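Residue numbers (the working numbering): 254 to 505. Cβ atoms here follow ideal geometry from the backbone N, Cα and C, with glycine treated the same way. Source: prediction; values computed, not measured.
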Amino acid sequence: MLVDTHCHLFFDELKNDIDGVLSRANELGVTKIICVGTDITDSIKSYKLAKKYNNIYSTAGIHPHDVEAVEGDYINELRNLLLNEKVVAVGEIGLDYYRNISKPISQKIMFKEQIELAQKINKPIVFHNREADEDIINILSDFQGLEGVAHCFSSTYRTAMELIEMGFYISFSGNLTFKNSHLPEVAKKLPLDRLLVETDSPFLSPVPFRGRTNEPGRTRYVAEKLSEIFNFDINDIASITTANAKRLFNIS
Ligand SMILES: [Zn+2]
Ligand SMILES: [Zn+2]
């Protein structure tokens, strides 16, 4: 079995065909799915899916793109969602200096506030990082005993190892399969017991579906790419990454 540790099922393309999405995932061996919130509304939608479907879990958090649109006591709203057992992490949070949809200063403030929440309630974080390696590492190193995952990893080997040494996991998505990607070279030097797989669907469809709506079942193609990189049997990659996901997100 495989776990899609990061997808966004609340987008219409997926939400309108949720039973189809789940049954195709099941056929490809993807039997657990973590639906990641990006603002309060979508974190609530994610929790509703987690409540309805046994094999779906959710997270609650404000994505760096969305931080400037947030109003009111958002931390309290997130905390209330996170009281539920099936809401397994704070996320997705982080920094995105590639698109800079929200100002870096606002991104940093809310990244820190949400990390503090995670620390208080003792749940892991799911973080997004685009072109913000230095600030991500600096902010994370101010906190002790944090657990979490660098989702959709797209950075350098050095950054990956720094994060791993701080205790974090690295999650690969469909971009691991893209032609000319530097990521296979990064992945092959990393310890397997720190790696996770995800789709980030509906985005980032892996080869051979590139450019089309992505869905959780395609975690399989990311895992297959890892099995090629490590020269490991796909079943071993599946059991190792699944054990990693269960350990991090505290799911059975
Ligand atoms: Zn992201
Ligand atoms: Zn995402």
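Residue i, buried or exposed, once every other Cβ within 10 Å from all chains shown has been counted against 16
i    : result
D548 : There is no way to answer for residue 548, as the model of the chain reaches only from 254 to 505.
S355 : buried
H435 : exposed
R473 : buried
Q397 : exposed
Y422 : buried
K373 : exposed
K432 : exposed
G325 : exposed
R352 : exposed
E451 : buried
Cβ shell of residue i (< 7 Å), same chain only, five flanking positions each side left out
i    : result
N308 : T284, K285 and I286
Bridge-paired residues (DSSP) for residue i
i    : result
S424 : L449
K285 : V256
D349 : R383
G401 : I378
Integer-rounded CB distance, given that residue j should sit under 8 Å from residue i
i    : j    : result
E266 : P469 : Contact doesn't hold; Cβ gap of about 12 Å is too wide.
T495 : V256 : 5 Å
V402 : T430 : Not confirmed; about 19 Å, so no contact.
V341 : K376 : 7 Å
D388 : K365 : Contact flag wrong, Cβ pair sits at about 11 Å.
Contact set for residue i: own chain, Cβ-Cβ below 6 Å, skip 5 residues either direction
i    : result
A385 : L348 and Y350
L501 : P377 and Y422
H316 : T291 and E345
A303 : I309, Y310, S311 and K339
I482 : P437, A440 and K441
Neighbourhood of residue i by C-beta, 8 Å cutoff - its chain only, sequence neighbours within 5 removed
i    : result
I417 : I423, L443, P444 and R447
- prompt: Can you pull every residue whose C-beta falls closer than 6 Å to some heavy atom of ligand 1, listed in chain order?
  reply: E345, H381, H404 and C405
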